[in-house]
């Protein structure tokens with residue numbers, strides 16, 4: 003039977019999903035930047051470019067993940 007009430011996503015689920023997305027997007031870029039600069043000791047411009055590339059790749063994964071997190075089971 004179908005109910006007339008629309009499916010609502012709770013505020014806690016929205017906060018949890020946005021926190022997971024923020025971590026998925028930011029942590030890889032931070033790790034790549036720190037490793038490139040302090041461990042490999044590359045030049046600053048190359049380090050920033052590698053961090054930006056990693057950030058855009060992570061945003062692509064975050065976009066796919068956001069679709070899965072926002073659907074109500």
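Numbering (my numbering), first residue to last: 3 to 75. Backbone N, C-alpha and C define an ideal beta-carbon position, used for all residues, glycine too. Quick caveat, the model's predicted, so the values are computed rather than measured.
Problem set entry | Supposed close pair residue 49, residue 30 - CB separation, criterion 8 Å | Between the beta-carbon of residue 49 and that of residue 30 there is about 14 Å, and that puts the pair past the 8 Å contact cut.
Exercise. Between residue 23 and residue 64, is the Cβ-Cβ spacing less than 8 Å?
Worked result: Residue 23 is a Cβ neighbour of residue 64, given a cutoff of 8 Å.
For this session: Can you grab the Cα-Cα spacing for the pair residue 39 / residue 32, in whole Å?
Result: Their backbone Cα atoms lie some 11 Å apart in a straight line.
For this session: Kindly indicate which three-state DSSP category residue 44 falls into: helix, strand or coil?
Result: DSSP places residue 44 in the coil class of the three-state scheme, outside both helix and strand.
Exercise. Would you say residue 71 and residue 19 are within 8 Å of each other, going by their C-beta atoms?
Worked result: Yes. Within cutoff.
For this session: Measure the alpha-carbon distance for residue 67 versus residue 14 and round it to whole angstroms.
Result: If you draw a straight line from the Cα of residue 67 to the Cα of residue 14, it is about 17 Å long.
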